[in-house]
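Reviewing the structure listed below.
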Amino acid sequence: MGAYIGRRLLATLVVMAIVGLIVFLLLHLAPGSPAAIIAGDNATPAQIALINRQLGLDRPLPVQFGLWAWDVLRGRFGTSIFSGVPVMELVLQRIPATVSLSLVTIVFAATVAVTGGVLAAWRVGGVLDRTLMAIAALGFSVPVFVVGYLLIYLFAIRLRWLPVQGYVPISAGLWPWLSHLLLPALALGLAYLALISRITRAAVLEVLAEDYIRTARAKGATSMSQLFHHALRNAGVPIATVIGIGIALLISGVVLTETVFNIPGIGRLTVDAITNRDYPIIQGVMVIFSGAYVVINLMVDLSYTLIDPRIRR
Amino acid sequence: MSDAVLPAAAVPVRRHGLARFWRRHPTLVIGGAVIVAMVLMALAAPLFAGDPLAMNPMNRLRPPSAQHWFGTDTLGRDVFARTVFGARISLFVGLSVAVGAVAGGLVIGLLCGFYRRIEAVVMRLMDGLMAIPAILLAIALVSLWQGGVPVVILAILIPELPRDVRLVRSIVLGVRERPYVEAAIAGGARTSKILRRHILPSTIAPLTVQGTYVCASAILVEAGLSFLGAGIPPSIPTWGNMIAASELYLALAPWTIFCPGVALAVLVLAVNLLGDGLRDWLDPRLARGL
Chain A
1 MGAYIGRRLL ATLVVMAIVG LIVFLLLHLA PGSPAAIIAG DNATPAQIAL INRQLGLDRP
61 LPVQFGLWAW DVLRGRFGTS IFSGVPVMEL VLQRIPATVS LSLVTIVFAA TVAVTGGVLA
121 AWRVGGVLDR TLMAIAALGF SVPVFVVGYL LIYLFAIRLR WLPVQGYVPI SAGLWPWLSH
181 LLLPALALGL AYLALISRIT RAAVLEVLAE DYIRTARAKG ATSMSQLFHH ALRNAGVPIA
241 TVIGIGIALL ISGVVLTETV FNIPGIGRLT VDAITNRDYP IIQGVMVIFS GAYVVINLMV
301 DLSYTLIDPR IRR
Chain B
1001 MSDAVLPAAA VPVRRHGLAR FWRRHPTLVI GGAVIVAMVL MALAAPLFAG DPLAMNPMNR
1061 LRPPSAQHWF GTDTLGRDVF ARTVFGARIS LFVGLSVAVG AVAGGLVIGL LCGFYRRIEA
1121 VVMRLMDGLM AIPAILLAIA LVSLWQGGVP VVILAILIPE LPRDVRLVRS IVLGVRERPY
1181 VEAAIAGGAR TSKILRRHIL PSTIAPLTVQ GTYVCASAIL VEAGLSFLGA GIPPSIPTWG
1241 NMIAASELYL ALAPWTIFCP GVALAVLVLA VNLLGDGLRD WLDPRLARGL
């Protein structure tokens, strides 16, 4: 158990170091000097020289990487070209909106997908199974921004049930906060739902063929108890894995969803950075999102032992 | 006598085979048909679609009509012409990324499966690449390198690579334990010959399937990048660019967003269906799970 956790922690650190190396080299392999890219289009030669000195860009590449990595570890991602504000500060301002959107999406998508996937596996080929698999096929194919505009058009512009765009912090009240997040979470969650429901269905189908399910049935367990107690529990590991891996899908979707729904989160920050050619922000967001993805997947791996005690040995 | 009957009887038998193929692999046929139709439309676009760039300020945001099947956008441009021309970029980017990623994955994966030293380094690199969300990596690449379609293709291709490399490597690791590969090694065959003659064939079916999924994903990412303003320059009509330019007119002229949006969804769905169909057809063992 302890060795397993230690191994996983080490692997995570290695992956993070490589992510850092890739992000670092990206800037250095690009055409034009790194200092000129970080300083932006309107920089004076003096500003570029200053950045060269500050970041030690005249030193050997491995030393530069060391300096950069040390800064990143302390949360220093440089300053925005456009506003002159440290990138970390900008990201911290935007975190509540992005975390709200992601949490609502994960809760909604995982609940619907796991319940749906289990019930679909219970009656393979039935109406629910066919409907869910059709939704899954659509979820993989319809881009999140098209779904987003469709939802806005139907539920906000035509029916006027929900607000069109924007974000309200949770301190302004639970319903105002949630009502602004329902449509974005639905749009963002569709692809995620598709992924999780397919895996859940496949994993539960496999478990349903096991001997202990037949035993449970012989014992007289109700179908719901068979499904959710015996089958889902044993199918838990692949489902948890895909919920973790799907975070990558979610992060890409967040950037698009925040743009469609005008939510002032980290995705929106990134898109504004594209327009302003503000590379330090793009770089910082890349490191932070990759870090979040890796850490979440580490937690998922460690949760295996809770889901399935057999793994502890 | 019987010889004369045979050719006539052969026709119904053949038709029976096609009908059976259709019944067994409907997704393959539907997906393939839609893609063929879209490719033909995209190729013949200059012949029938009209000018996608012609502006007409007197004719802004008109709803669909006999003259403008999909209506007009905020500059009075014909949405139908732009949608048809937009298919060219989507198909070109999708196909280029699929071919590039599969070819790259094949070469790197084969090398990794056979040379342990390369494998250790390359697979760690792939782990790192996989941890960076694809669209962010693509945004970073596009904003660093600037430029048009080739840069966008490369920026979409690089984040797609790790999955293909992993797939090929896992196939190679499985196949190289087989007796016929061990026999070839024992017989003193050169590594390059073993890779080409004995291992490459096993990768063709799974890579074909994987290629269609990469293509679908690339079409989605290209549209997303263009929509965010980090993709193809706005002067070129692409589905993502069209939607981005019409953002403000959702309530006033929904056709400016939903026509390219539906085209995009239909194409990606068709490519995904083709992929599912190919998977069931080429590798029935894989099909049972999902």
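From first to last, the protein sequence lines stand for chains A and B.
For the record, in the first sequence the residue sitting at position 145 is 145 according to the working numbering, with numbers rising by one throughout.
Add 1000 to a position in the second sequence, counting from 1, and you land on the number used in the working numbering.
Don't be surprised by glycine CBs; every beta carbon is placed ideally from N, CA and C.
This one's a predicted model, so the numbers in the text were calculated from it and none came from an experiment.
Check	Outcome
Secondary structure of Pro-1133/B, DSSP reduced to three states	coil
CB contact below 7 Å: Arg-8/A versus chain B	no
Neighbour-count burial assignment, Asp-278/A, 16 or more Cβ in a 10 Å radius	buried
Chain-order list of residues whose beta-carbon lies under 6 Å from that of Leu-1106/B (same chain, five-residue window excluded)	Val-1168
Contact list for Ser-1143/B against chain A, beta-carbon separation under 7 Å	Ile-274, Arg-277, Tyr-279 and Ile-282
Residue burial classification, Met-16/A (beta-carbon count within 10 angstroms, cutoff 16)	buried
Asp-1276/B (DSSP reduced to helix, strand or coil)	helix
Between the CA atoms of Gly-1211/B and Gly-1100/B - distance to the nearest angstrom	9 Å
Whole-angstrom distance between Leu-1047/B and Leu-1006/B, CA atom to CA atom	Model confidence at Leu-1006/B stands at a pLDDT of 45, short of 50, so the residue's coordinates are unreliable; what they give is reported in the following sentence. Rounded to whole angstroms, Leu-1006/B to Leu-1047/B spans 45 Å at the Cα level.
Start-to-end residues for the alpha helix (DSSP H) that takes in Phe-24/A	2–29
Per-residue burial, Tyr-212/A [other beta carbons within 10 Å of its own, 16 or more giving buried]	exposed
Chain A contact residues for Asp-1227/B, given Cβ-Cβ distances below 9 Å	The residue you asked about is not Asp; residue 1227/B is Phe in the sequence shown. Correct list: Pro-143, Phe-145, Leu-256, Thr-259 and Val-260.
For Thr-79/A, the residue or residues it bridges with in DSSP	Pro-86/A
Three or more C-beta pairs below 8 Å linking the region 1254–1264 of chain B and the region 1084–1093 of chain B	yes
Span separating the alpha-carbon of Val-112/A from that of Ile-239/A	13 Å
Buried versus exposed, by CB contacts within 10 Å (16 or more), Val-14/A	exposed
Test item: CB-CB of Leu-1141/B and Val-1097/B under 7 Å	no
Interface residues of chain B facing Ile-170/A [CB-CB closer than 8 Å]	Correct list: empty, because the minimum Cβ distance to chain B is about 25 Å.
Extent of the continuous alpha helix (DSSP H) to which Ile-1236/B belongs	From DSSP, Ile-1236/B is part of no alpha helix (DSSP H); its letter is neither H nor E.
Closest by C-alpha distance to Leu-1144/B, when choosing among Thr-12/A, Ser-102/A and Phe-24/A	Phe-24/A
Residues near Ile-81/A in its chain [Cβ-Cβ closer than 6 Å; skip 5 each side]	Gly-40 and Asp-278
Separation of Val-99/A from Val-287/A, as counted between CA atoms	16 Å
DSSP bridge partner residues for Asp-1078/B (one or two, in chain order)	Thr-1072/B
Contact check, Trp-1255/B vs Phe-1070/B, beta carbons under 7 Å	yes
C-beta contact flag for Tyr-149/A and Leu-1250/B at 7 Å	yes
Contact set between the region 1253–1282 of chain B and chain A, restricted to residues whose Cβ is under 9 Å from the partner	Pro-1254, Ile-1257, Phe-1258, Pro-1260, Gly-1261, Val-1262, Leu-1264, Ala-1265, Val-1266, Leu-1267, Val-1268, Leu-1269, Ala-1270, Val-1271, Asn-1272, Leu-1273 and Asp-1276
Within chain A, partners of Arg-1124/B - CB distance below 7 Å	Val-14 and Ile-18
Tyr-304/A and Val-237/A closer than 7 Å at C-beta	yes
Chain A contact for Gly-1289/B (CB, 7 Å cutoff)	The predicted position of Gly-1289/B is uncertain, since its pLDDT is 42 and thus under 50; no value can be drawn from it.
Pick from Gln-283/A, Leu-181/A and Gly-66/A that is closest to Leu-101/A, judged by C-alpha positions	Leu-181/A
Where Arg-1082/B falls, given that 16 or more other Cβ within 10 Å makes a residue buried	buried
Three-state secondary structure (DSSP) of Thr-200/A	helix
Beta-carbon proximity of Leu-195/A to Gly-116/A, cut-off 7 Å	no
Exposure of Thr-1027/B, with buried meaning 16 or more beta-carbon neighbours within 10 Å	buried
Euclidean distance between Cα positions of Arg-198/A and Gly-284/A	34 Å
Neighbour flag for Pro-1007/B against chain A, beta carbons, 7 Å	Any reading at Pro-1007/B must be qualified, since the residue scores a pLDDT of 46, below 50, and its modelled position is unreliable; the value itself is stated next. Chain A, which has no Cβ nearer than 7 Å to the Cβ of Pro-1007/B, makes this no.
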